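Take 18 as the starting number for the sequence shown in our numbering and just add one per residue.
Yeah, the Cβ is synthetic: ideal placement off N, Cα and C, and Gly gets one too.
A quick note: this is a predicted structure, and the numbers were derived from the prediction, not measured.
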Amino acid sequence: MDEFLRIIGFDWQLLHDAVLTGINIFILFFALSYLLFNPARDFLEKRRQKIAGDLAEAADNKKTAQELKAEYESKLKEISKEADAILAEARKKAMVKEADILEEARAEAARIIERANRQVELDRKKALDDMKQEIISIASLMAGKVVANSMDVKVQDHLVDETLKEMGESTWLS
18 MDEFLRIIGF DWQLLHDAVL TGINIFILFF ALSYLLFNPA RDFLEKRRQK IAGDLAEAAD
78 NKKTAQELKA EYESKLKEIS KEADAILAEA RKKAMVKEAD ILEEARAEAA RIIERANRQV
138 ELDRKKALDD MKQEIISIAS LMAGKVVANS MDVKVQDHLV DETLKEMGES TWLS
């Protein structure tokens, strides 16, 4: 067996060196783990957490944006409805105003026509009065010439009085 150990070369020194090398590897692994792997793991963990936080924040922002979008769309619909209501109210007011203006115009036209009719009636009466006055003055002139040629003053006064009585007061008052 000693031969067998010699072929492979296992001796106490080799085993001692192998154990020391193993212990050194473990110490080196733990030292490197502490100095290199843990900071790298911490860095990667912080990066993972940051990315997860950014993703969560992005999801929250997206959700908030969708809520704001829905809110703005509802507000736009409300504003559109309000605008339609305001326009409808303005149309109604315009129609009422138009009807009022037309009614006032009709009333004014009726007043103007009534005034014109009254003025025409007054002008007609004045023309009749002027014509009566003209006829009376012509008749007086003619009667004066006829009477002057054929009558005396007493007969002339009697004829004027008689003529005035025949015409009556209603003729002069109308």
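For residue i and residue j, I'd like the C-alpha separation in whole angstroms.
i, j, result
"L37", "P56", "27 Å"
"K79", "Q66", "19 Å"
"S154", "M148", "10 Å"
"R108", "D117", "14 Å"
"A105", "Q83", "33 Å"
"I130", "Q136", "10 Å"
"D178", "A156", "14 Å"
"A229", "T81", "Residue 229 cannot be examined here, being either before or after the span of the chain that is shown, 18 to 191."
"M18", "I44", "Unreliable placement is indicated for M18, whose pLDDT of 49 sits below 50; no coordinate value is reported for it."
"K94", "A100", "10 Å"
"V170", "L139", "38 Å"
"W29", "I40", "16 Å"
"L85", "K63", "32 Å"
"A127", "K142", "22 Å"
"E90", "A69", "31 Å"
"V113", "E121", "12 Å"
"D59", "F46", "17 Å"
"L181", "R132", "35 Å"
"D146", "L176", "23 Å"
"Y51", "A87", "52 Å"
"L31", "I42", "16 Å"
"D174", "A160", "11 Å"
"R123", "I103", "30 Å"
Could you give the residue range of the alpha helix (DSSP H) that holds residue i?
i, result
"L45", "29-49"
Any beta carbon from chain B within less than 8 Å of residue i's own beta carbon?
i, result
"S154", "Any reference to chain B falls outside this structure, which holds one protein chain only."
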